[in-house]
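Contents: one structure, followed by commentary.
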């Protein structure tokens, strides 16, 4: 994997990742397709929108359909019909948040599947084996994502284990042409974050992620961890803020030097009838849109907004029709992808600060 | 509306309908979009498949979103983003099958909405007013669809009312440029079907539909009603068999001189994981497809079959992912549309009987 940093504007960075399945322009937003599908979307629609890289999830795909089946297809790309880059989360987050956890050992985690209760085990080596079969362009280290809030002692021990697992991941990953990213944990403890960052950079990875953020803490606390930790991350490697976030989270994290983002928000909100617009969120179920002939977002050039009205999309949601979820998922992903495109342009033209200020002023939060 | 009959092959007919929003080649299958959306599909996908006309439903659209809202958009086409012809069912069938029926009077039907229990009334005049606001290319008369089986006396009285309503529909429809079709009822009583056909042809309509079939009777009984009634229907007008049906129903009805079909089967079956193929139905949830790299239907040229495997579609259904319903809905509608295209070609080349025989031999029923 190659990472080229073209330009900076303040701390904001404009770069490019060269991955096994193609190039990706940063800062980038990666739509989430945990179960080998970005919910309600088809691959050709993601291409049409201009998505450059999507996420898959080790935990979900390991449980269903199983890694052997995806391996039989040569990996996730052919299995799901997506030819561009894929990043796979290591499963760490889901093992701790979704499964019935049995026991954490230095070798990994014993847990029960949330689907059928079957006994499973994933450790750093297993996470690498699974992701090798998925053949994802970016492989993530197996880590423990500690909850918010967590006791200092717990976080200290957990981070030591995460670093140890990262070392094992690096060894096991050896010979795999795809990129491997380390995940910086440490909760809200800045000194532990710092030590974790040093521990991981000593091992050496193709990129570094900030994990364990956007887990319930106030935005200021998240931004403070990013502000303190990002400068410690190698400048010549991509920086990925996992599971984040709202448009305001993203633009503020870009301002602190973050390059990559993923979040279920655009698709999950869409299925609940919530649309992102430059003016803030809009709940399409609202009765005031009953006869509204305007598109979901005025001025938006997406397929949904060029062809359908708020009244129609609202009707689809009221009637429980699948097309409603499809149209808002499309619009919301388009919104995020174009938002990142605009962020990149503003960095290129050295106007990121002004773009950020204007965006923040226009974006009304609830 | 103009109907041109190009060619016949036995009783099978090859024709063309010239409607307000375009031309339609017959025999035709019309995908059903009751609530202003063909379930799980987008209009541009229907166009890509080559659908020439779709159905909307007066009852559903009257209740939700309401005819005034659709009228504000100038009709159903602009509301739902579909530019080609639309046929709307009159709501008769749904008033009798879905609502809580209160009272049938010579003026129409008092019922309670199945959505919110509100008191409603639709009679022939109301059905015409609603469909005029929907601006459907083909408007259907308001009728009573009697259940199977029904008593002869009940059917006799019901058909007299249906003919009276048809007369009122014709009067009310006067001045509307769109086509108006009469609906022949009469249950399984051939003499009542005959009298109804004469009653309606005396009034005179742009086309004639056979209603009240495929309501639970054996296929032979349905085919026998078609065989006896179709010859009584004017040869120079299109003949529409409502709500039918399986591929075998359709090809056998074409052989008896039917021109138009609609059915929820391709989309409803799709959402249940059932795919139509030339070899019969295939349940994609079946464990034998777990690692099957073949497309849903081998040799099929549709978007689903060109890009995705049975193993992947099965995985999507197992994981409850929307894309599963999307892919099979696409495939099934493609199957029906192409099936009709092949039927039309065989009539054009005078080989319909052979095509029918081959199709029936290959199509395995459960």
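Protein chains in written order, with the working numbering: chain A, 2 to 367; chain B, 2 to 367. Note that CB positions come from ideal geometry on N, CA and C, so glycine has one too. In this text, all values refer to a predicted model and were calculated from it rather than measured experimentally.
Reduced DSSP secondary structure (H/G/I, E/B, other) of residue i
i, result
"residue 130(A)", "helix"
"residue 1(B)", "Because residue 1(B) is not part of the residues shown, which for chain B are 2 to 367, the question remains open."
"residue 366(A)", "coil"
"residue 286(A)", "coil"
"residue 232(A)", "helix"
"residue 26(B)", "strand"
"residue 3(B)", "strand"
"residue 31(B)", "strand"
"residue 165(B)", "helix"
"residue 191(A)", "helix"
"residue 115(B)", "coil"
"residue 140(A)", "strand"
"residue 353(B)", "helix"
"residue 211(A)", "strand"
"residue 17(A)", "strand"
"residue 240(B)", "strand"
"residue 95(B)", "helix"
"residue 200(B)", "helix"
"residue 55(A)", "strand"
"residue 38(B)", "coil"
"residue 110(B)", "strand"
"residue 293(B)", "coil"
Nearest-angstrom beta carbon gap, residue j and residue i [assumed within contact, 8 Å]
i, j, result
"residue 27(A)", "residue 260(A)", "4 Å"
"residue 1(A)", "residue 85(A)", "Because chain A is modelled from 2 through 367, residue 1(A) falls outside the range shown and cannot be assessed."
"residue 57(B)", "residue 35(B)", "7 Å"
"residue 20(B)", "residue 180(B)", "7 Å"
"residue 87(B)", "residue 55(B)", "6 Å"
"residue 256(A)", "residue 6(A)", "Wrong, their Cβ atoms sit about 16 Å apart, outside the cutoff."
"residue 242(B)", "residue 227(B)", "7 Å"
"residue 337(A)", "residue 305(A)", "At roughly 14 Å, the Cβ-Cβ gap does not stay under 8 Å, so residue 337(A) and residue 305(A) are not in contact."
"residue 174(B)", "residue 129(B)", "5 Å"
"residue 258(B)", "residue 15(B)", "Incorrect: roughly 11 Å between the Cβ atoms, too far for contact."
"residue 239(A)", "residue 205(A)", "Contact doesn't hold; Cβ gap of about 14 Å is too wide."
"residue 249(B)", "residue 361(B)", "7 Å"
Residue range of the beta strand (DSSP E) that includes residue i
i, result
"residue 121(A)", "120-123"
"residue 323(B)", "Not the beta strand (DSSP E): residue 323(B) falls in the alpha helix (DSSP H), residues 323-349."
"residue 105(A)", "101-106"
"residue 246(B)", "Taken as a continuous stretch (DSSP letters only), residue 246(B) belongs to no beta strand (DSSP E), as it is neither H nor E."
"residue 263(A)", "261-264"
Residue range of the unbroken alpha helix (DSSP H) whose run includes residue i
i, result
"residue 63(B)", "59-64"
"residue 91(B)", "Run containing residue 91(B): none; DSSP gives neither H nor E here."
"residue 71(B)", "68-73"
"residue 307(A)", "304-308"
"residue 313(A)", "311-319"
"residue 278(A)", "First-last for residue 278(A): 275-278, but that is the beta strand (DSSP E), not the alpha helix (DSSP H)."
"residue 47(B)", "44-50"
"residue 181(B)", "Per DSSP, residue 181(B) belongs to no alpha helix (DSSP H); it is in the beta strand (DSSP E), 180-185."
"residue 79(B)", "77-81"
Check: residue i C-beta below 8 Å from any heavy atom of the ligand GTP
i, result
"residue 338(A)", "Although the ligand GTP was asked about, the structure shown includes no ligands whatsoever."
Contacts of residue i in chain C (Cβ-Cβ under 7 Å)
i, result
"residue 333(B)", "Considering every chain present, this structure includes no chain C. Its protein chains are A and B."
Would the stretch 61-69 of chain A count as touching the stretch 347-360 of chain B if we require 3 or more Cβ pairs under 8 Å? no
Taking a cut of 7 Å between CB atoms, which residues from the stretch 312-327 of chain A lie near chain B? For the stretch 312-327 of chain A, residues whose beta-carbon sits nearer than 7 Å to a beta-carbon of chain B comprise 312, 313, 316, 317, 319, 320, 322, 323, 324, 326, 327.
Mind checking the stretch 264-297 of chain B against chain A and listing, in chain order, the residues whose C-beta falls within less than 8 Å of any C-beta there? 291, 292, 294
Any C-beta of chain B within less than 7 Å: which residues of the stretch 12-41 of chain A qualify? 36, 37, 38, 40, 41
Report yes or no: do three or more beta-carbon pairs, one from the stretch 173-192 of chain A and one from the stretch 148-162 of chain A, lie closer than 8 Å? yes
Taking beta-carbon pairs under 7 Å, can you tell me which members of the stretch 55-72 of chain A lie near chain B? 65, 66, 70
Mind listing which residues of the stretch 43-55 of chain B have their C-beta closer than 9 Å to chain A's C-betas, in chain order? 43, 44, 45
Any chance the stretch 37-53 of chain B sits against the stretch 273-286 of chain B, with 3 or more Cβ pairs inside 8 Å? No, the stretch 37-53 of chain B does not touch the stretch 273-286 of chain B.
Contact between the stretch 111-119 of chain A and the stretch 92-103 of chain A is defined here as three or more beta-carbon pairs at a separation below 8 Å; is this criterion met? yes
Please determine if the stretch 206-224 of chain A and the stretch 144-158 of chain A are in contact, where contact requires at least 3 C-beta pairs separated by less than 8 Å. Taking 8 Å as the limit for Cβ pairs, the verdict is that the stretch 144-158 of chain A does touch the stretch 206-224 of chain A.
Are the stretch 289-302 of chain B and the stretch 222-241 of chain B touching, with three or more C-beta to C-beta distances below 8 Å? no
Proximal residues, the stretch 300-311 of chain B versus chain A, C-beta separation under 9 Å: 304, 308, 309, 310
Residues of the stretch 173-188 of chain A with Cβ closer than 7 Å to any Cβ of chain B, in chain order: Residues of the stretch 173-188 of chain A whose Cβ lies closer than 7 Å to any Cβ of chain B: none.
Give, in chain order, every residue of the stretch 333-352 of chain A whose Cβ lies closer than 8 Å to some Cβ of chain B. none
Tell me which residues of the stretch 111-138 of chain B have at least one Cβ-Cβ distance to chain A shorter than 7 Å, keeping chain order. none
What are the residues in the stretch 82-98 of chain B lying within 7 Å of chain A by C-beta distance? 82
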